[in-house]
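Novice: Numbering (our numbering), first residue to last: 213 to 292. Backbone N, C-alpha and C fix where the C-beta goes; we use that ideal spot for every residue, glycine too. Quick caveat: nothing in here was measured; it's all calculated off a predicted structure. What follows is a single structure, and I will ask about it in a moment.
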């Protein structure tokens, strides 16, 4: 479930080259505040994947909504 969600989010990422030490910038528009940079496109994508993982953990911890992306969703476990 997590891997599929992260892959769906990565597939929606948009990238651009910016004037910076780490010129590759990527973000996932569907996930507010999720962005990363890198010295290469691959490094940026790897960093973005980690940012998505952190964002999911934060959202689950604080019971924040996690949007559906390409049919993929993550739901917090229900406590008994």
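Measuring straight from C-alpha to C-alpha, what distance separates residue 281 and residue 221?
Specialist: Position 69 of the chain shown holds residue 281. Position 9 of the chain shown holds residue 221. About 6 Å.
Novice: Can you give the beta carbon distance from residue 239 to residue 246, rounded, assuming they're within the 8 Å contact cut?
Specialist: One-based indexing of the chain shown puts residue 239 at position 27. One-based indexing of the chain shown puts residue 246 at position 34. Going by Cβ atoms, the distance from residue 239 to residue 246 rounds to 6 Å, so yes, they are a contact pair.
Novice: Got a sec, what are the start and stop residues for the beta strand (DSSP E) residue 225 sits in?
Specialist: Counting from 1 along the chain shown, the entry for residue 225 is found at position 13. Per DSSP, residue 225 belongs to no beta strand (DSSP E) and is neither H nor E.
Novice: If contacts are defined as beta-carbon pairs under 8 Å, then residue 253 and residue 237 qualify, I think. What distance do you get, rounded to the angstrom?
Specialist: In the chain shown, counting from the first residue as 1, residue 253 sits at position 41. In the chain shown, counting from the first residue as 1, residue 237 sits at position 25. Residue 253 to residue 237, Cβ: 10 Å. No contact.
Novice: Should residue 214 and residue 268 be called a contact, given that it needs their Cβ atoms to be closer than 8 Å?
Specialist: Taking the first residue of the chain shown as 1, we reach residue 214 at position 2. Taking the first residue of the chain shown as 1, we reach residue 268 at position 56. Yes, they are a contact pair.
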